[in-house]
Structure formats: structure tokens, C-alpha cells
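Notes follow once the structure below has been shown.
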Amino acid sequence: MGDMANSSVDFYPKSQQRELNHAGGFGCTLAELRSLMELRGAEAIQKVQETYTDVHGLCRRLKTSPTEGLSDNTADLEKRRQIYGQNFIPPKKPKTFLQLVWEALQDVTLIILEIAAIISLGLSFYAPPGEESEACGNVAASAEDEGESEAGWIEGAAILLSVICVVLVTAFNDWSKEKQFRGLQSRIEQEQKFSVIRNGQQVQIPVAELVAGDIAQIKYGDLLPADGVLIQGNDLKIDESSLTGESDHVRKSVEKDPMLLSGTHVMEGSGRMVVTAVGVNSQTGIIFTLLGAGGEEEEKKDKKAKKQDGAVAMEMQPLKSAEGGEMEEREKKKASVPKKEKSVLQGKLTKLAVQIGKAGLVMSAITVIILVLYFVIETFVIDGKVWLAECTPVYVQYFVKFFIIGVTVLVVAVPEGLPLAVTISLAYSVKKMMKDNNLVRHLDACETMGNATAICSDKTGTLTTNRMTVVQSYMGDTHYKETPDPSNLTPKNLDLLVHAIAINSAYTTKILPPEKEGGLPRQVGNKTECSLLGFVLDLRRDYQPVREQIPEEKLYKVYTFNSVRKSMSTVICMPDGGYRLFSKGASEIVLKKCTNILNNNGELRTFRPRDRDEMVKKVIEPMACDGLRTICIAYRDFPAGKEPEWDSENDIVIDLTCIAVVGIEDPVRPEVPDAIRKCQRAGITVRMVTGDNINTARAIAAKCGIIQPGEDFLCLEGKEFNRRIRNEKGEIEQERLDKIWPKLRVLARSSPTDKHTLVKGIIDSTIGDQRQVVAVTGDGTNDGPALKKADVGFAMGIAGTDVAKEASDIILTDDNFSSIVKAVMWGRNVYDSISKFLQFQLTVNVVAVIVAFTGACITQDSPLKAVQMLWVNLIMDTFASLALATEPPTEALLLRKPYGRNKPLISRTMMKNILGHAVYQLVIIFTLLFVGEVFFDIDSGRNAPLHSPPSEHYTIIFNTFVMMQLFNEINARKIHGERNVFDGIFGNPIFCSIVLGTFGIQIVIVQFGGKPFSCSPLNAQQWLWCLFVGFGELVWGQVIATIPTSHLKCLKEAGHGTGKDDITDEEMAEDEEEIDHAERELRRGQILWFRGLNRIQTQIRVVKAFRSSLYEGLEKPDTKTSIHNFMTTPEFLINDYIHNIPLIDDTDVEESEGPPRRRFRASPPPSPNKNNNAIDSGIYLSTDASKTPTSSSSPVSPLHSMETSL
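Now the structure itself:
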């Protein structure tokens, strides 16, 4: 190898020798290779021929061998890394902790609190000039007692402290989420391997270790990790939409277009390429670098789009291929980025929080007004005082005190623990789901999964173990129920079979010896092919010598497997100058092409259609009914002489001779039937969508329990399914689909498009009272569209291709269906945890607000002082959210039906609990307030004179209040009216420690809190009474549980999502967020690219007008990112703008139908009765109101609906 490189130096002219020196002894500089990779097609070939004569010349210059690859010489690899760069794209800097803190501070409720705190602090340090003269009225009666005025600053400080707490927790959550995501990302990166040839051996190396000059093996489903030039390819087709935006697959070949680019997907075929550019020098890397540079300036300009959580370094992680190449206008980005965030749950929560906030605001305003009026009337009307100039500061202090009481009421009313509870609950769930083999990529998927009503699952690998073995075969007119003895087979037949299997399967598929003694042999590569190779080994033959005799380079032509052909064929040259074609594939497809069959003696016998029907009846159907997948193996000889026209595949792969039909078993995973039973009990319908034959699929579905005898269900093949859902014009009709999907359980022989059609049909269906929430599992590249379309897409972590993982929301790290059930459990748990917290929080709020309000109005002073309120607020909020949000899920969650998307957060049972407990607490507190001093025989704390120390009376009220909350926290653990509130309490150590911890701190505050907390120590008897009243909460809880909710018709539910009729005209006009919210209710933002219309028929004039009017409309005021929006998923930045090559001419927008297009979003014409579906499915042209909105259920050819994004 070295001699060859050296000798080649003499052969170059002088100018090139100079270049060699500065390319570190290699024959090409980095710049040369970069410019080479920018060319396509004919230009590229011309350039290669001019500069390097051919690809092998290029390999020589890069000092590599097309067959042997690089040597594993560390020094050489290091040198290559220095000259041509590493295959690594440096990450964008993560947000610093301070940036996250600043973002958390933008929350509206927190801003109100901060302002109140600062005013309060400022006023506490402000002393009025001049002593309070008698003339200024009877100030002593209700002035702040001295303890409060000395400790006045504490109140402001305590508010600020609580704000700081909330902010730090939120920022820490975001930060750890980001860190987790980066860790996850680097884990995915380390796991992402690519096969290259080193020292003539094929090895898997991490993508980051690829260097220029490596010879990489590429195959169907790969995501190319670097740029390269094709050396040898079989039927290679590449999806370059992630770079060019062109949706059509590009055929690659050494003669026509050998340029392969990083970040593109191999959709068909296989081949080998020499790596020419890696990392930042590859095409994807160049775009990344541009983004990096552009990103810095943008961040300065454009704070509002900052909600993109760090785009993470990816070693060429999949670019969102589906997103197409929209390097969109910045406006689009501004409009779309902050909107991705809210999920259904968060929409409901934000709405609820706003409603509560408004109520609190009204209450606090009324409190302030009443206090001010009371004071003014008493001082100036009843006492007849005159407003004197020197008294102004005194009066101002009064008004400020009233304002602070008002703010306190507001502070207690606003549930700032809500965003915290959601954050904690989701973050906790995601962490725990990792242990259950669910790797969550988009946080909201976790909660959506709890509402899932349908799961469309793959068969192979998810429901089955994906360890294929041949268990039956049909050869030489005999049906063998187990592996035949080789001595019973004709040598010619056996030999043909071994050759057909060894040659006509990917050479990357192998069977390796087991890792541990006594284990099963390891299957590497395609599992179906592994089972066939295993069959060869069971027949006591070896496939390796055959492959060595005919290496991959010598294969004349390969028709690789794809989802349309459902077969694979390979052509080899025979010694006599003729050709032989081997073919294997789905038995019913390959048998149709067979005209002969080998009999027992290895002779040909004609095979007529009626023989075929008999064979299907006698051999294939019985195998399929045992749940076996049937594969037919056949061959055809072409005589020497005239070479056939290889490109017309239909003339080549016919007139075959059948060698054998084999039945492959893929056993059902042992834990699947139980998992499916749980799903069905939980109200989730499981459907199987598979490419297998219908009998096999039905047999497996019965084994799994997807179909049960005596049920009314449908099992359809893809063709029949399409026939039933399409009208005469071949367009899909939603009404037809609606007749089928409710009963459909198995869809066999389905294409990826069928899967997507089914998922879309179920989601768009309006026949139920609830919209269906669909989860889909997929592993293949072709499952991408369905995974994107679904509400939750599960990709397989082991068997899944990069494309599938990229399109998914959750990755199943163990490829197991039962992990999906765990995801459902966690999803429901998130929902319930938040409801528990709400039930508890709202009871505290209702009581505290009413007490503060009535107390202020009757006694001119709140019985609960501001600092005490804040302690209740801070501890009860923050700690309770921790305690209630971390309840572990139980199996009982799977015993109820899914909630559905518009179920209110606060059910009637919860409302009953909230109001019931509030009544109990209010009765107790008012009793203590007005007759407590008599009962306990202590001095009354009401209207205490100036400078009095904190009274025992008010301390008892405060203490009792806190005790009741503590016991009510235990009640809040159950939200469906269960009796046993202690059930499983010790399974949650966090809950126990928080309740005990709060109790401990409460003792400290009461006994030693003194003036700052307005507390006076209590004796043992008083403590026992407080505890006794608190314990009464538990008893009262049982009383409430006895009252049936159905009798309380008057109770309203609260916290609905955006309902159908909620959206009024004004809201529509003023607030585009609402629409978006409704849109997101129906579909998450990530699947926007699908939501295409078939084509834009309006003139480009309209499009332009539309564009300008739209963007004027979209310039919204800065949307403040709030704690509620912590949902951002760190998306790979690249999906927003993959390339910036402008369309050649604006008119292309109109003509080009396939490529993803600019996404516009205009507000629909306001109409109060539009329901969410209409909003979601129509895209309204604002300039032309006469056009009817094109609805998404309108017939769209499946390909268009997938590819066109608007």
C-alpha cells in the first residue's frame, strides 16, 4: 500500500507535489475535497475524472484501498484527524444557570410578587416624619403593633425569599433537564456506530471515529455520518430532503451520481463509499457552522425566540429529514418557536392559573377598597377629623398597610406551586421512566401517553422476540415439519439452496458464536436473513466458503429489498458466460413469478397457477396459521450471449424456478399477552399493523390476545383496506374510514402509507365523543411518517433505524411492548399527581383568602399575618408539590378508562372535597377567632392595643390552620373518593419526610418564632387541641367521601382545556396564542410538516400578499416565557433551517408540488362555533375570505399529504 502511494508521487506534476506537502503527504487538500463535495451529478463525475481519473484514483490520493480500507495505524488516523478534521460538530454552548434563572423570573405571578415585596420592603424602612400627633386620629387602635413594624422588613424579605425559592427550583429543573438531555445525546452518540472496513475486516466503529479515507459500508435505513464518494453500489436510493428539500429519492451510482452527503438517509440498496469530508467540513457541518455564526447574532437581536433549549452537539445526529429544507424567514421562527411548548395539560393549567389569579386579584382589590373606605369613613366622617398636611405620611402608612394586606391575599390566592408541581412531576417521571426502558425525547409525550386510547403496534420485534428461526420447510415435493436430514435431500437441491441463501442476502448479515458458553448464537444484521443462514447451518453446511468464493464485489447486479418489492434478488456471472439470478421474498409474491419448481430428484417441473393455488392451500396457509412467516427461495438462469436489459426489473424477475418455501417462526415475547390484557382493561385498543401475511398476523394476534374468539373484529390486508376506504377516484374518504377503524384489529401486508393513513384516519375521526389519542410503534425508516403523525411515537432503541428514532417522542430501549404499558402508567400518574396537588392547594387558597378577607373587613387586620401567610404559601405550595408530585404509579391506574383530552382538571369529586374541607376549616377558624379566647381562657387577640406582644389567641389560630393543612395533605392523596387515604403512603418516602419536616418546622416557628412570625409559645394542652382539630380533617374526609357526588348537581368542574365554544371573536382577533393552543390540543407542533394541503392553486400574487399580511399579523408583543413553558424540548437546531438555497424563482412555490414549502399560519376567520378540528385542519388564506378552508380530511394522495408542508 505504502509503495503504491510513494510511487504515485513521482507521477504528478510539480505543482501538485507542492500541494501534497501541505496536505501532510496526502494527495488532496481539505479545500479540494470540500469543493468536490459541493458538486452533484455529471459535474461531480467530470471533476473526479479530470482530477483523479476515477474514484480509485481518489482512494490512492487519500492513501486508502477500496477493498482493504485503512490500516488500524493510530498515528495515521491521528494525522488524518489533524488534516481533515474529526467527525464531530462542536455543541452550541448550553444556557448558563443564570440565564435559566432570568428566564424563570419572567413568570407573571412572580413579577407581581416581586413588585409587592419591593414596595413592602421600601415602606418598612420608611418612618413618617414627626411623631403621630393626637390630631391625626385614633391611630393606636389599629396601627401595626411595634413587633410588626420592627419586623416589617421581614415580610418583604420573606416574599422575596419565596420567589427566590421558586425561581431556583425551576431553573435547577431546567438545568438538570438540559444536562440530562445532553447526557442522553452523548449516550446516543456513543451508541451510534457505523460499519467501515479496516485491514480488510468489516468493523463497527463509533461515528465520531470516522476519518477521511475510511471505506464505509452503507445499507438501507442508514443515516450517513459523513460525506463520501460511492465506490460500489447496489440499487442505491437516497433521501436528500434534509439537505436539499427535494422529497424525491435520488438514485446514486458510480457512473451517474456518486456523491453521498452526510445527514441524508439511505432509503434503498447498499454499497461502499470512501469518506471524503467529516465533521464541520461535511455538508451538514458547513450548515451547522453557518447556523452557529448566525445564531450568535440572532440571539442578541432576537430574545424572543430564545426558548429553543440548547441545540445539542450531535455527531451528525439525524437532521430532521422530514422537516425538509426550510431555511425559513426569521419571522416564521419567531412565530413558531415559543408556541411549541404547551401540551394539553399545560394549556389547562395555565388557563386555570389565570382564572384563579383573576379571582384573587378581585378579592384583594375588594379587600383594599373595603379597608380604605372603612378607615376614611371612621376617621373623617364619624370622628369628624380634618386632613392635615403634617398627618399625610401617617395616613399614607395606613394605606400602604392596607395595600400589603391586599397583596397578601393575592399572594395566597395565586397558586405559584402549580408550575412547580408540573415541572417536578414530569421531571421525576421522565427520570423514573428511564429505569422502565422509556427514553423520553419530548417531555409532553409522557403526559399525552396517559390519555392514549389506541396503540398501533408493529409485530416483529415489539410483540415478538425478533429471534427468527426456520421451523418448517417445503423442498422437493415434501413438507418437513422440522429441519430435514441433509442426507434425505438431493445434493443438487441442497447446493442450490445453500448458494441462494448465502449469496442473496446482505453480506453484513452473519451468525456469530454465542458470547457466553451455552448461549444462543448471536444474530447480526437482518433477522429474517439470519434465520435462513441458521437454516443452512442446521443443514450441516457453511455459508462462509460460498461468500469467499463469490465476494460482494463480484455480484453482478442486486435488487435490494424494499417495502414495495417485498423481495430481494441478486445476479451472479456463471463460468460459462451466462448469468444466474437468485430471488427470495414473501412467498405469495415470489410464487406468482415462478413457472417451474424443483422436484425430489432436482429436476424442473412446470408450475402452473393451479399448482400454485394447491401449494398455497396445502403448504403456505397451514404454515401461516401456525403463525409462521413464509419465504420462498427461487432462481433463474440466463444463457450466455445477449445480455439482458437489467434495468427493466419486471422482465428479469419472472420465469423463476422455486427451490424451497420455508416457514420462519418469531416467537411472541412471554410478557406481551399480559401487557396487552392490561391495555385492554385500561380502555386502550391495541391494533397490529404488519407487513406479514394475513394468516400469520392473525395467528400471532390471537396468541397475543389482540383478538379474542367470539369478538366482532376485522383483520384486513393492505389492499382490501385501501379498497374499502377509497372512493371511485381513489381518494381516501373519512366516512369510509370511520366505518372500518373501530373494529379493525389487524392490518396485514400493509405499506408504510397504509400505516400513516390509518393513524391519520383515527386521529381525524370525529365519531366518538372524544378525539382518539393514538400511539404508534415503529422501527423502520418507512415508519417515520406514521411516528410523526401519531400523538406519541415510540421508536425501537435496538432494532430502530436512525430515521425512526428521529421521528419519535419516546424510544423504547428494550424494544418491548410491555414498556409501553409502563409509559401509560406514568402518563396517567402525572395527570393524577397534578390533580392531587390542585385539590390540596385550592383548599388552602380558598380558606386563606376568605379568612384574610373577612378578617380584614371585620377586625381591620388579617388574623393570619403576612409572614405567616407566606410560610403557609411557600411551604404548603413548594413542599406539597414535591410531596404530591412524586407519588409512584400503581397498577390501579390501569383499571380506569383514559380521561380524554377535554376532561377538566378538577372533577366534581375533587370540587366536593375542596369545598367540603374548606367549610370545615373556615368553621373552625372563625369559631376560634370570635370565641377562641373564651374557650382557651386567654386574652383576646382582636383589636389588640399598640405595642402588644404577639397574642396566644392568634398563634392558636395560625397553628390550627397549619395542622389542618398537614392532615388535609394526607386526604389529598386520593382524588377519586377512595376511603383509605393511607394506602401506599410508606411507598413514598418523600411524602412522609415532607409531612414530618413541615410539622417539625411548625413547632420551631410557634415556640421560637417570636415577633417576626407574630407567634407566642403555646403550652402542651393548647398544642394537643390544635392537633386534635387537625386530626378532625381525616375524620371529616370520611364524612365527605360518604356523600355521593351524583347528588351534588350544583358543583361545577373547572380547568377544562380550550373548549369548542370558548373561543370568542375578540379572543380570536387579539390572541393568536389561543388558536395555536387549540391547534396544539389536536396535534403537537412537531408534526406540522405533515399538515400539508395538496397544492396551492391560488396565484402566486395571493401567496405574496398573504405572506406580507400574515407577517404583519404575526408580529406579536414579546411573549414572556414563563415557568409554565418549561416544556421546550431541546430540538436539534438544524430542523428550523436546514438549507438556505433560495427557490430559483418565486413561481416555483406554485409549481413544485412535492418539496416542503414555506409554512404559513394565518388566523382563521373568526367564528365562535368553530371547533378545534376546524381550526386545526384548515389553513385560511387571509387575503381571500371567499375561499373555503381546505379541510385536512379532504382526499389527499398519501404521498402528498406526507411530504407537502405548509
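Numbers 58 to 1263, taken from the working numbering, label the letters of the sequence shown in order. We treat Cβ as the ideally placed atom computed from N, Cα and C, and that holds for glycine.
Here D811 is not near L801, since their CB atoms are 8 Å or more apart.
In the structure shown, E788 falls within a coil segment according to DSSP collapsed to helix, strand and coil. Between K893 and I733, the alpha-carbon positions lie close to 28 Å from each other.
Relative to the Cα of K458, the nearest Cα in the group T424, K489 and V469 belongs to T424.
Leaving aside the five residues that flank P945 on each side, the residues in its chain whose CB is nearer than 7 Å to its CB run, in chain order, G1044 and N1045.
Fewer than three Cβ pairs drawn from the region 531 to 549 and the region 864 to 874 lie within less than 8 Å of each other, which leaves the two stretches out of contact. Per DSSP, A88 lies in no beta strand (DSSP E) segment; the continuous alpha helix (DSSP H) that holds it begins and ends at L87 to M94. Under the three-state reduction of DSSP, T1102 is assigned to helix. Under the Cβ criterion (8 Å, minimum of three pairs), the region 766 to 786 does not count as touching the region 714 to 730. By the Cβ-count criterion, K516 is buried, with 16 or more other Cβ atoms from all chains shown falling within 10 Å of its own Cβ.
Per the C-alpha coordinates, the member of M330, L895, I907 and P955 positioned closest to A942 is L895.
Put simply, of R662, P632 and E266 the residue whose alpha carbon is nearest the alpha carbon of A697 is P632. Between the region 749 to 769 and the region 820 to 834 there are fewer than three inter-stretch CB-CB distances shorter than 8 Å, so the stretches are not counted as touching. I1060: member of the alpha helix (DSSP H) spanning P1046 to F1065, first to last residue. Every beta strand (DSSP E) stretch that sits fully inside the region 817 to 843 and reaches 3 residues is listed by chain position as 831 to 835. In the three-state scheme derived from DSSP, where H, G and I count as helix and E and B as strand, N508 is classed as helix. Fewer than three beta-carbon pairs drawn from the region 948 to 963 and the region 1085 to 1094 are found closer than 8 Å, and the two stretches are therefore not classed as touching. The beta-bridge partner set that DSSP reports for A805 consists of E774. For N545, there is no enclosing alpha helix (DSSP H), as DSSP marks it with neither H nor E. Apart from sequence neighbours up to five positions away, the residues of its chain that approach Y692 with a beta-carbon distance below 8 Å are L553, A557, R637, L638, F639, S640, L713, T714 and I716, ordered along the chain.
For the set K954, Y531 and L950, the Cα lying nearest the Cα of I741 is the one of K954. Comparing alpha-carbon positions, the option among I789, L648, F983 and D840 lying closest to K674 turns out to be L648. The beta carbon of N656 lies closer than 7 Å to those of G533, D534 and R662 in the same chain, with the five residues before and after it left out. Under the DSSP assignment, H499 falls outside any beta strand (DSSP E); it carries neither an H nor an E label. Beta bridge pairing from DSSP links T687 with G720. DSSP places S327 within a strand segment (E or B) once states are collapsed to three. Of the candidates I654, V831 and N839, V831 places its Cα closest to the Cα of G850. Fewer than three Cβ pairs drawn from the region 118 to 134 and the region 319 to 328 lie within less than 8 Å of each other, which leaves the two stretches out of contact.
One Cα belongs to I995, the other to K415, and the distance between them is close to 39 Å. With contacts defined by Cβ atoms closer than 8 Å, Q261 and K250 form a contacting pair. According to the DSSP assignment, Q606 belongs to the alpha helix (DSSP H) that extends over Q601 to Q606. Here the C-alpha atom of G1034 lies approximately 6 Å from the C-alpha atom of A1098. Below 8 Å, enough C-beta pairs join the region 307 to 323 and the region 95 to 105 to call them touching: three or more. In the three-state DSSP reduction, M491 falls in the helix class (H, G or I). Around the C-beta of V1092, fewer than 16 other C-beta atoms lie within 10 Å, and the residue is accordingly described as exposed.
Under the 8 Å Cβ criterion, the region 521 to 530 counts as touching the region 719 to 731, having at least three qualifying pairs.
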